[in-house]
Amino acid sequence: MLYLYKNTRLLTSIFLTASILACDQVGQDVAPDEEPNTDAEFYTMPTQQVAIDLKSFVDLTSATTFKISKAPQQGDASFSKDGLLIYTPNVDFVDGTDQFAISSDKAGASIRPFTVNVTTDTSRIPCYAGTIPDVVRATANTAVSIDVLKNDRFCNATANISSLGIERAPKNGTATIEDGKVTYRPNDNFNGYDDFIYKITVTPKGGQARTLLAPVKVVVGDPFRDCKLKLNDDQVSFRQRLLSDSLILFPLLNDQLCKASRQVPLTITKQPANGSAYLMTSTRASEFGQLIVYKPNAGYNGTDELTYQRCENGECLQAIVQIKVKSADPNCKLTAVNDERTISLSRPALDVKRGVVLLSVLLNDRICASIKEVRIGTNPGNLKLDVLRDGSILYTLDQNQKPGEVKFSYEVTDVQTNKSSAEVKVIIKE
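Under mature numbering (1 follows the signal peptide of the UniProt record, and there is no 0), residues -22 to -1, 1 to 408 are what the sequence shown spells out, in order.
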């Protein structure tokens, strides 16, 4: 479950969707029905925190003191009073990967790295991601039931529903567990923002049980009782992963609309000088208002901006969206990384049921400049392979597919003509 709501300032709710960022490393590709992530890798949405229980890592259980040994580049990592490690992404960090590390006082202990993936596209969150933050709305003086596990991703792991609990209680209400869900009750006459953290124990197949945490933000009643309608300027950073990538903007989410409708049509009064922008059709408008699609000109790096306008009852307001189109990191080297996926013919994942295997080969590659081309390299088994627009590779299985192992390679070329190749192995089990 994911209901998003804006705040009056950028601090709590810029929600500008960047299709893909680059020069970051994402975890190893995993089949949709594989085991959950057991490493220190986490997924969240823009402006939403990640809560980490260090006691859930076996190598850290005997340590008593920790410190941040490597700070994140696109957010903040700190320890809370209740002993949790909290990561907060910067407000302009809307899509991509950030990394930091901690060290402990345990003799001989090594540095423990952590990776946080931020995305607004939930389809890009893998099934092993674990718990995902939630944002919900509640009516003042009224309890709300929150299915916090609905948007969580556990693959084939076993989530112990009876272990669902509250790790950190809300400050302006109460949170209790009822029938596998969280019931939040705001304090009498409270209007505003509240939050809490829930926990659940998950056990991978053949693995060790681990406690996962996730924060829940609750918007109670009408935080804007004395509100004045206002549009706020937006700022976002973007780096194209593929030349075809566009940036989807939710411009109203950080605006102070009070009780005004989000469905009032927008207009773009000033087009970007170094790209193009258009409004999605009204049928594509979300509960967050009309969306804007921005695409930079080929090869452009720098700061671009557009102006949008909202008019209601004869009153028009304008705001600027500033987009920083990032260039490639000069210290970043294009590196394709080998991929491996195991599928089962007797217990097929959704794509395998359709007779295909979807291979998101770019997810674990190190992408620096925008990708110009992904092509198939060696294909000794003469497999039927198709490169999709997003750089994924679709492998079509034989009609009478038999167990075994197949391999092929692919080559990635970026706009700076750098090339890198990697091998893909698909293990087919009965």
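The beta carbon of each residue, even a glycine, is placed where N, CA and C say it ideally should be.
As the structure is a computational prediction, the values presented were derived from the model and not from experiment.
- [ ] Please go through the segment 189 to 239 and give each complete beta strand (DSSP E) segment of 3 or more residues, from N-terminal end onward.
- [x] You should have 212 to 216 and 225 to 227.
Open item on the list: Restricting to Cα atoms, I'd like to know which of Thr285, Ile371 and Ile178 is closest to Arg294.
Closed with: What sits at residue 294 in the sequence shown is Cys, not Arg. For Cys294, the nearest C-alpha among the options comes from Thr285.
Task: Bounding residues of the beta strand (DSSP E) (the contiguous stretch that carries Leu244) - done: Here the beta strand (DSSP E) through Leu244 covers Leu244 to Lys248.
Task: Beta-bridge partners of Pro164, as assigned by DSSP - done: Partner(s): Gly151.
Open item on the list: What does the alpha-carbon distance come out to for the pair Asp329 and Asn357?
Closed with: Going from the Cα of Asp329 to the Cα of Asn357 covers about 21 Å.
Open item on the list: Less than 8 Å between C-beta atoms, sequence neighbours within five positions excluded: which residues of the same chain meet that for Ala147?
Closed with: Excluding sequence neighbours, Ala147 sits near Ala153 and Phe174.
Open item on the list: In chain order, what are the residue ranges of uninterrupted alpha helix (DSSP H) at least 4 long that sit wholly in the segment 309 to 382?
Closed with: Annotation note: the segment 309 to 382 contains the following uninterrupted alpha helix (DSSP H) runs of length 4 or greater, listed N- to C-terminal: 328 to 331.
Task: Status (buried if at least 16 other CB within 10 Å, exposed otherwise) for Ser324 - done: That one is exposed.
- [ ] Tell whether a beta-carbon distance below 8 Å holds between Lys302 and Phe386.
- [x] Result no, Cβ atoms of Lys302 and Phe386 do not sit closer than 8 Å.
Task: DSSP beta-bridge partners of Ala116 - done: According to DSSP, Ala116 shares a beta bridge with Val198.
Task: Cα-Cα separation, Asp200 to Leu207 - done: Distance from the CA of Asp200 to the CA of Leu207, rounded to the nearest whole angstrom, comes to 14 Å.
TODO: Classify Lys183 as helix, strand or coil using the three-state DSSP reduction.
DONE: In this structure, Lys183 counts as coil in the three-state DSSP scheme.
- [ ] Tell me whether Gly280 is buried or exposed, calling it buried when 16 or more other Cβ atoms sit within 10 Å of its Cβ.
- [x] Burial check for Gly280: the Cβ neighbour count within 10 Å stays below 16, so the residue is exposed.
Task: Status (buried if at least 16 other CB within 10 Å, exposed otherwise) for Asn210 - done: Asn210 should be labelled buried.
TODO: Report yes if the CB atom of Arg115 is closer than 8 Å to the CB atom of Val197, and no otherwise.
DONE: In this structure, Val197 lies closer than 8 Å to Arg115 by Cβ.
Open item on the list: Distance check for Thr313 and Lys403, CA to CA, integer angstroms please.
Closed with: When rounded, the separation of the alpha-carbon atoms in Lys403 and Thr313 is 17 Å.
Task: Boundaries (first-last residue) of the beta strand (DSSP E) holding Glu19 - done: Its beta strand (DSSP E) spans residues Glu19 to Thr22.
TODO: Provide the residue(s) that pair with Tyr65 in DSSP beta bridges, ordered along the chain.
DONE: Partner(s): Val28 and Ala55.
Open item on the list: Just to confirm my understanding: we take residue 423, look at its own chain, exclude 5 residues before and 5 after, and list those with CB closer than 6 Å. What are they?
Closed with: For the chain, the structure presents residues -22 to 408; residue 423 sits outside this window and is missing.
TODO: Please decide whether Thr152 counts as near chain D, where near means a Cβ-Cβ distance under 8 Å.
DONE: The structure shown has no chain D; it contains just one protein chain.
Task: Supposed contact pair Ala118 and Asn150 - C-beta distance, whole angstroms, cut 8 Å - done: That belief does not hold up - the Cβ atoms of Asn150 and Ala118 are roughly 11 Å apart, past 8 Å.
TODO: Per DSSP, which residues does Ile144 bridge with? Please list them.
DONE: Beta-bridge analysis with DSSP links Ile144 to Tyr176.
Task: Asn15 burial status per 10 Å Cβ neighbour count (16 or more: buried) - done: Bear in mind that a pLDDT of 42 at Asn15, under 50, signals an unreliable position, so the number given afterwards is only what the model happens to contain. When all chains shown are included, Asn15 counts as buried.
Open item on the list: To the nearest angstrom, how far is the alpha carbon of Lys397 from that of Asp60?
Closed with: Distance between the alpha carbons of Lys397 and Asp60: 48 Å.
Task: Ser47 and Ser81 closer than 8 Å at C-beta - done: The criterion of a C-beta distance shorter than 8 Å is satisfied by Ser47 and Ser81.
TODO: Counting only the same chain and skipping the five closest in sequence on each side, list residues whose C-beta sits under 7 Å from that of Phe57.
DONE: Hits under 7 Å: Phe44 and Leu63.
- [ ] Use the C-beta contact count for Lys362: other C-beta atoms within 10 angstroms, 16 or more gives buried, fewer gives exposed.
- [x] Exposed is the call here.
Task: 8 Å Cβ cutoff met for Thr136 and Tyr21 - done: No, they are not a contact pair.
Open item on the list: What does the Cβ neighbour count give for Leu235, buried or exposed, with the cut at 16 atoms within 10 Å?
Closed with: Buried.
Open item on the list: Just to confirm, is the Cβ distance from Val160 to Tyr176 under 8 Å?
Closed with: Taking the C-beta atoms as reference points, Tyr176 is found nearer than 8 Å to Val160.
Task: Beta-carbon proximity of Gly53 to Phe35, cut-off 8 Å - done: Judged by beta-carbon spacing, Phe35 lies beyond the 8 Å limit of Gly53, meaning their Cβ atoms are not closer than that value.
Open item on the list: I need the DSSP call for Ser305, collapsed to helix, strand or coil.
Closed with: Reduced to three states, the DSSP call for Ser305 is coil.
TODO: Please name the residue in Tyr65, Asp223, Thr25 and Gln51 whose C-alpha comes closest to that of Ala18.
DONE: Closest by alpha carbon: Tyr65.
Task: Closest residue to Ile110 among Val339, Arg131, Lys407 and Cys289 (Cα-Cα distance) - done: Checking every option, the nearest Cα to that of Ile110 belongs to Arg131.
Task: 6 Å Cβ shell around Ala107 - same chain, five flanking residues per side excluded - done: Beyond the five residues adjoining it in sequence on each side, Ala107 comes within less than 6 Å, by CB distance, of Tyr21 and Arg131 in the same chain, given in chain order.
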